Every structure is written in structure tokens, then in C-alpha cells.
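Here's the structure we're looking at; comments come further down.
Numbering (the working numbering), first residue to last: 308 to 984.
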């Protein structure tokens, strides 16, 4: 990094965002873009992508143009930046004429550091004409995987963004995504017209997320147990395949004491906006959603992401689970997965729109997802390998297969029995049936349907009594995942594949995994949410300070109409609680406190700490003690919200900061991607 660029970038990081050092590839990306180079950046959610274009926009002359599909969250993104003292604005279809005209005037006058635009606006000649009349520092194309035509979030409007390089060849472009295979990576580069772009690929590992996949039996009840035992009072997202399932699951959770709301594209705009706002601004709310919710979510304390239905691809799974734990604290990616998921997804692929090539790609994506579900190796290693990265070892110690390694068994004979049943039905009766009928035949059940079709007369009738029905369903599921069995047609009938013959001819051994026991979790029945919010390494005496600061932050957020994390992240409050600074100069040493936030909120924070000190002194002479006789000051009421800057910037003491890496600062989510009815 050149001395001038490094100095300007680090000063901006320090002054605006309150951090001393860049994290991972951030510094290299920022240097490259500031000096005028194009970049394609692949970083996981929470890896700091936003700073990679925000700082170049602040360092280079002109306004940074951010292309984002996240219309529903642009206002929140802009509010978060303004809270840092960044001059940010947006233009989209939610604004009226006067609001758009005002934003245009600010852009032309050079009064904006960052301007957010939806991709469809760049199809308009009026928008291109407007941009041509102003000075642009950088073009940032967020969620760049939306340009991939075979991807899970394809947006046709992204295909037109190559015009940016054609019209403004001297303005650097940076394309950013949190999930992309090597093939998608190449497609982004090609379709955006960025052949000279430098590529930056960070590790896709999210070590704080525990990956767990459980066999599906009663999914809503399993989900409820998971939440009650491990995430009571936590904020999280539950994904379902259909709109109807989101409604019913949210209602079920609410009836059982979990505060939950649905979110899907079938809800009216006002309801979606209300649920979105509640999720951002309230603590402990669970959103039950289709994939219409979540892209670019900027809530750092999402403690879990749960799937009640199988995602269509590993990319989708990775992106959705990545919305948990952006603050780096322990979080869980939990999924209930069963045979019906496989059958349903196969049917959707076969009956869906698109040509044969599309169906082949969709089937390949599903096969990779099934391999992740059925693997006996480390799930984290499987994920990293899928994205072309080397895992750090054979065991991560933080996924179900590492915590409770699954056992395998020789399933060759039972596979032959099941495949033989499919063969007998086809050869002797010219019939095809689904899983239920096949299992009834294997178990020797004389059901009405078995009797109706004389299936009790087949030679294979009753040959599978050594396994229970649930075990046979597991066998079917694993044979589907291994490509030894296939699903066909509207009714999900089972048919052989080209590889089935190798098993029937005893040319191939079939290894199956036993259903694992419940894996060891970090904690069990951890109790109240507020007791969980502080990490285990926070000193006991700092916990009431942390809680008092959270109460103060909640009051600030309510008064100002902002999400709490826009004011301070929990990590910042934890550091304040541990350090107990007594002056603005000492408070300025806390990571995440830039000049604007220190000026706006510094006095309020010090007031909270001073009141706690006073309460502690009073309590020392009274009766407020814990079990071992030591004083335990109670958190005081939150002070009134701070109305504005308390300390002029010119008078602000120079802070001495501890080394802290820069986090990601904002995202949003998609309003209307495709979903299943």
C-alpha cells in the first residue's frame, strides 16, 4: 500500500469507524480500489465487505455509487452511515418526486459520500444522464452473485451493469459477494465486463457458527425444543419452503411462548415493513420466512438460523446460515432434514420451468446439498471444499459430525432388497410406487393398498423386517443422496438409476450412516436471554455494567428510531463494561467508537458508568450483596436519550485506541426474490 493511500485509508478507518487495523484482505482491497483498480471480492458475511467500498468512497474525490438489490433496507443502511458522520443517501421507487429531486441535487452539488441505487434504476437513461453530470469516486456492485444466471438469487437487471465500465472506464469498480463457487466467480467477472479486475478471496470459514443437521420427525416440535433449550430469548431466523409453512410455524412458536412473526412476499408491503422493522429494532424476535427475507441482513446478534426445509443448493444454505453470528459470538445453524425434503425438491426440479440444461444444474446443486446432509466427515470441511478452499483440518470441533461422529454400517444387503423391490414392481407388474408403498412391501404390511395391488404376492414381500419404518426411510434418503435411487414424476415414484445395477450385481458396497445421537451443545437450558448476552470471558463484576449499557442503548434507539446496533454493537458495550473508562479520552480507546459516535454518545455512556459507580458506593454500606457477601450493584434506570453531539469535534480529546480489526458495517435484505407457493 502506498504511503499516501495507507495514511488516508487508515485515518478514515480510525476517524469514522473507530478501528485501528484492517482485517484480512480489507487493506489490500481498499488500496487497490483507491488507486483506481477494479476488484472482485469474495468475503463471508461479517467479513467486512462494506468497508472495502465505503473507505475508497470516502478517500477518493466524488460520490461512491452503490448498486444494491436491497431496496427494503436502503433507509436503514443510510441511517447507519449517517450515524457515523458519513453523508449518505439513496434513490429508489419508495421515494416521491420531491425526495428524489432533493437527492439528485445533493449528488450534483457533491454533498454525498455514498449514494445507493437499485440495479433497475441503471437501466434508465435519466439515471445514467444524472450520473454523467456528477463526480463519481467508485462503483460498488453489492450482492454481485445476483448476476449469475444459474444462481439462487439471479436478477436480470444485474446483466445490464456492464454499462458502468463502458460509460465510466476511468472509475474503479468493485463487485462484492458473500457466496460464490469458482464457476460463479468467473461468471461475475465475465457478465460485469471486468476482465482486468483483481480477485480477492477470503476464507469462507465461520468458526463461531456450529453446524447441525438432525433427522426430521416432527419438525415444528423439534424446532421448539431447540429454541427452548438453547436459544430462549434469542433473535433468529427460521426458513421454510412455502408461505403457508411460515405462517403456521410462526403461529405455533407464538402459541408456545416464542415471539415470532412471518415474512414472505405474499404479505402486503406494510406488514413486511412492520415485521422487518421489529426484527431490526427489537431484541429476541424470531422471523419465520421464505427466502424472501435475509439477503444482506444487518443484525449482528442473530444467534441462530434454522431450516425446516432443505435448501436448494449449498450456496443458498451457506448464505442463509451466514446471517447468524455476524458479531463473532457463538451461534447455531440448525436444520431438520428428511426423506420428504429430497422427494419434494426432486419433484420441483422435474416439474419446474427451464430447459434440460437448467434442470441438470439444479439437480447438481441439490446433489451437493444432499452430500452435505449425509456426510460422515466434518461439515465445515465439506462446505469449504465445496467452495474450493482447503479446510484447516479433518475436524473443526464445532459441528455435529465432529462433536458426535456418526457411525457407518454395511448397507449393501438392505440396499439390494430395496432396489430389488423397485425392480420387481417394474418387471412383474409394470408399476412404479413411492416410498411409503415400497416400505410397506418390505415390512410385510397387508395394508389396503398392498392388498388392492396384490403386492403381498411378490417374492420380496416381508424381506425387510429387520429394519423399522424410520430406518428404511433413512435408507431411501441415503440411496437418493448417493445417486443409487431416483424420484420421478408428480407423485414422487422411486426408480432405478444407471448406478443401481452395480449394487444389484454386488459390484459396489453401500456404506450408510446410522442416525446420530443428539450432539453435545455449547450449553444446555442456558436460561434467560439477558444472562446469556454477556460472554463467559466477561468478568462477573462487569455483567451488571454491560446490562446497564444495553438498557441505555435501548432507550437511545427507541428515542431516535434506530436499531440498537446502529448506536453500538454488543462487542463495543462489552469492552466498555470491562474497561470502565472514566473520561472521553479513555472512552475513545474503545474499538468501534469513531469521532461522530464519541461526540454524540460519549457523555451519555460516561453518565451510565458514573451512576453505576455511585450505586456501587451506596450499596457497599447497605444490604445489596450476593451469595458470597460481595457487593452487586443493580443496573440503574437508563438515562434520557442524548439529543445530539455533546462534545464539539474540535474539542474532542485525542483517543488512544487498542488494536481492533474493522467489522462489516451494514447490509439489508431482498424484498421480493422468487419463492415457492
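Cβ atoms here follow ideal geometry from the backbone N, Cα and C, with glycine treated the same way. For clarity, every value in this text was computed on a predicted model and none was experimentally measured.
To the nearest angstrom, report how far apart residue i and residue j are at their CA atoms.
i	j	result
residue 693	residue 365	36 Å
residue 585	residue 379	14 Å
residue 530	residue 920	42 Å
residue 334	residue 569	40 Å
residue 756	residue 644	28 Å
residue 653	residue 815	25 Å
residue 751	residue 762	9 Å
residue 668	residue 519	26 Å
residue 592	residue 454	32 Å
residue 373	residue 332	20 Å
residue 605	residue 587	8 Å
residue 565	residue 646	28 Å
residue 578	residue 554	13 Å
residue 894	residue 916	11 Å
residue 909	residue 314	26 Å
residue 736	residue 759	13 Å
residue 461	residue 491	11 Å
residue 868	residue 690	39 Å
residue 325	residue 338	19 Å
residue 640	residue 876	22 Å
residue 879	residue 740	59 Å
Might you give, ordered along the chain, the residues of its own chain that have their beta carbon closer than 7 Å to the beta carbon of residue i, omitting 5 neighbours on each side?
i	result
residue 343	479
residue 341	312, 316, 363, 366 and 367
residue 445	340, 360, 363, 364, 367, 371, 478, 479 and 481
Please classify residue i: does DSSP put it in a helix, a strand, or coil?
i	result
residue 475	coil
residue 987	For residue 987 there is no data in the structure shown, the boundaries of the chain being 308 and 984.
residue 586	helix
residue 453	helix
residue 817	coil
residue 565	coil
residue 897	coil
residue 795	strand
residue 685	coil
residue 408	helix
residue 323	helix
residue 672	helix
residue 414	helix
residue 532	helix
residue 464	helix
residue 723	helix
residue 634	coil
residue 506	strand
residue 933	Residue placement at residue 933 is poorly supported in this model, since its pLDDT is 40, which falls under 50; the coordinates are not used for a value here.
Whose C-alpha, out of the options, is nearest the C-alpha of residue i?
i	options	result
residue 713	815, 683 and 739	683
residue 743	775, 716 and 764	775
residue 914	852, 876 and 724	852
residue 770	792, 746, 778 and 789	746
residue 608	619, 880 and 633	633
residue 437	638, 414 and 516	414
residue 821	811, 809, 787 and 782	782
residue 874	890, 911 and 892	911
residue 508	687, 450, 348 and 807	348
residue 346	502, 850 and 623	502
residue 798	485, 510, 418 and 655	655
residue 580	538, 753, 383 and 806	383
residue 900	381, 350, 391 and 353	391
For residue i, which residues from the same chain have a beta carbon less than 8 Å from its beta carbon, with the 5 sequence-adjacent residues on both sides left out?
i	result
residue 846	885
residue 597	546, 547, 548, 549, 550, 553, 570, 571, 572, 982 and 983
residue 790	674, 804 and 806
residue 441	369, 370, 414, 415 and 417
Which word fits residue i, buried or exposed, when buried means at least 16 other C-beta atoms lie within 10 angstroms of its C-beta?
i	result
residue 818	exposed
residue 404	exposed
residue 902	buried
residue 631	buried
residue 717	exposed
residue 320	buried
residue 431	exposed
residue 658	exposed
residue 532	exposed
residue 542	buried
What residues in its chain sit with their C-beta under 6 Å from that of residue i, if we drop five residues either side in the sequence?
i	result
residue 410	396 and 398
residue 794	650 and 653
residue 802	793 and 795
residue 427	464
Shorter than 8 Å from the beta carbon of residue i to some beta carbon of chain B?
i	result
residue 649	Included in the structure is just one protein chain, with no chain B present.
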